[in-house]
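Undergrad:
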Amino acid sequence: MAPLDLDKYVEIARLCKYLPENDLKRLCDYVCDLLLEESNVQPVSTPVTVCGDIHGQFYDLCELFRTGGQVPDTNYIFMGDFVDRGYYSLETFTYLLALKAKWPDRITLLRGNHESRQITQVYGFYDECQTKYGNANAWRYCTKVFDMLTVAAMSRFCVFMVVYLPILKHWIKFEPLNGIRKFLIKEHFVIWFGQILKMWILGLSVPEEQAGFLAQRSQMSLFISTT
Numbered sequence: 008m009a010p011l012d013l014d015k016y017v018e019i020a021r022l023c024k025y026l027p028e029n030d031l032k033r034l035c036d037y038v039c040d041l042l043l044e045e046s047n048v049q050p051v052s053t054p055v056t057v058c059g060d061i062h063g064q065f066y067d068l069c070e071l072f073r074t075g076g077q078v079p080d081t082n083y084i085f086m087g088d089f090v091d092r093g094y095y096s097l098e099t100f101t102y103l104l105a106l107k108a109k110w111p112d113r114i115t116l117l118r119g120n121h122e123s124r125q126i127t128q129v130y131g132f133y134d135e136c137q138t139k140y141g142n143a144n145a146w147r148y149c150t151k152v153f154d155m156l157t158v159a160a161m162s163r164f165c166v167f168m169v170v171y172l173p174i175l176k177h178w179i180k181f182e183p184l185n186g187i188r189k190f191l192i193k194e195h196f197v198i199w200f201g202q203i204l205k206m207w208i209l210g211l212s213v214p215e216e217q218a219g220f221l222a223q224r225s226q227m228s229l230f231i232s233t234t
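Heads up, the sequence shown is in the working numbering, so the first residue is 8 and it goes up one at a time.
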């Protein structure tokens, strides 16, 4: 099999186009292998630019790169929620995957609560893949990447993480996170802890759910002070 033409993939994705299905599969498999070598708490070099939710807003992503600098000139951390809601989730995630494949040390992708099979079947990414490819294969390839995404990044000055994991109850330090296989992290924890944390920050009451738990302020304070 011919080697991946990563330059070609980056150029196609930069034009807000999606790859042929077989090329997307090969790209996803390639990135999965890269992510398998990363730890759950991935060290990153500084300076680094940290970016929040993209949610399929491809042209916002392009503007971000225009303003903040292109990869690899600028080092980036993306804090999850790459897909859903926006019209270009597939193109957005493909672009980020191509950049990750081309310059793995210059872009770090963290897992948010929308990097989930359950959530993406509700908020648009699954339907978008069905519409653009005529089947769900692209969605399956991308969700395989979701399973392998890093959950936190650490520089010499700061820790960056999407706190959508049930860490506060059982782990106060980061070391145990590196002992978990990424694909064993359950999606319902990723989903429900994100919602509970948001409600906690807003000071709202949290309904009892079958999955997840309520993180008290004391737990959060202890976690922050010891990491």
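Ideal Cβ placement from N, Cα and C applies to all residues, glycine included. Everything numeric in this text was worked out from a predicted model, so none of it was measured.
Apart from the five residues on each side of it in sequence, which residues of its chain come closer than 8 Å, Cβ to Cβ, to residue 137?
TA: Cβ neighbours of residue 137 beyond the five flanking positions: 143, 146.
Undergrad: Measuring alpha carbon to alpha carbon, tell me which residue in 117, 109, 77, 69 is nearest residue 85.
TA: The candidate whose alpha carbon is nearest that of residue 85 is 117.
Undergrad: Cα separation between residue 106 and residue 17?
TA: Approximately 6 Å, taken between the alpha carbons.
Undergrad: Would a C-beta distance cut-off of 7 Å place residue 101 and residue 65 closer than the cut-off?
TA: Result no, Cβ atoms of residue 101 and residue 65 do not sit closer than 7 Å.
Undergrad: If I measure Cβ to Cβ from residue 135 and keep anything under 7 Å in the same chain, skipping five residues before and after, which residues do I get?
TA: Same-chain partners within the cutoff: 96, 97.
Undergrad: Can you find a C-beta in chain B that's less than 7 Å from the C-beta of residue 50?
TA: Annotation note: the requested chain B is absent from the structure, which comprises a single protein chain.
Undergrad: DSSP beta-bridge partners for residue 57?
TA: In DSSP, residue 57 forms a bridge with 84.
Undergrad: Using only CA atoms, which one of 75, 94, 21 lies nearest to residue 130?
TA: Here the closest residue by C-alpha is 94.
Undergrad: Taking just the CA atoms, how far does residue 114 sit from residue 52?
TA: Spanning the two alpha carbons is a distance of roughly 10 Å.
Undergrad: With 16 as the cutoff for other CB atoms within 10 Å, does residue 14 come out buried or exposed?
TA: With fewer than 16 other Cβ atoms within 10 Å, it is exposed.
Undergrad: Which of the three DSSP states, helix, strand or coil, is assigned to residue 235?
TA: Absent from the structure is residue 235, since the part of the chain shown begins at 8 and ends at 234.
Undergrad: Could you give the C-beta distance for residue 35 and residue 151, rounded to a whole number, given that I count them as a contact under 8 Å?
TA: The pair is a contact, with the Cβ atoms about 6 Å apart (cut-off 8 Å).
Undergrad: Enumerate in chain order the residues of its own chain whose CB-to-CB distance from residue 38 is below 7 Å, with the five nearest sequence positions on each side excluded.
TA: Closer than 7 Å at Cβ, skipping near neighbours: 104, 107, 108, 152.
Undergrad: Using a threshold of 7 Å, state whether the C-beta atoms of residue 122 and residue 156 are closer than that.
TA: It is a contact, given that the beta carbons lie within the stated cut-off.
Undergrad: Give the straight-line distance between the Cα atoms of residue 163 and residue 141, rounded to the nearest whole angstrom.
TA: When rounded, the distance between both Cα atoms is 45 Å.
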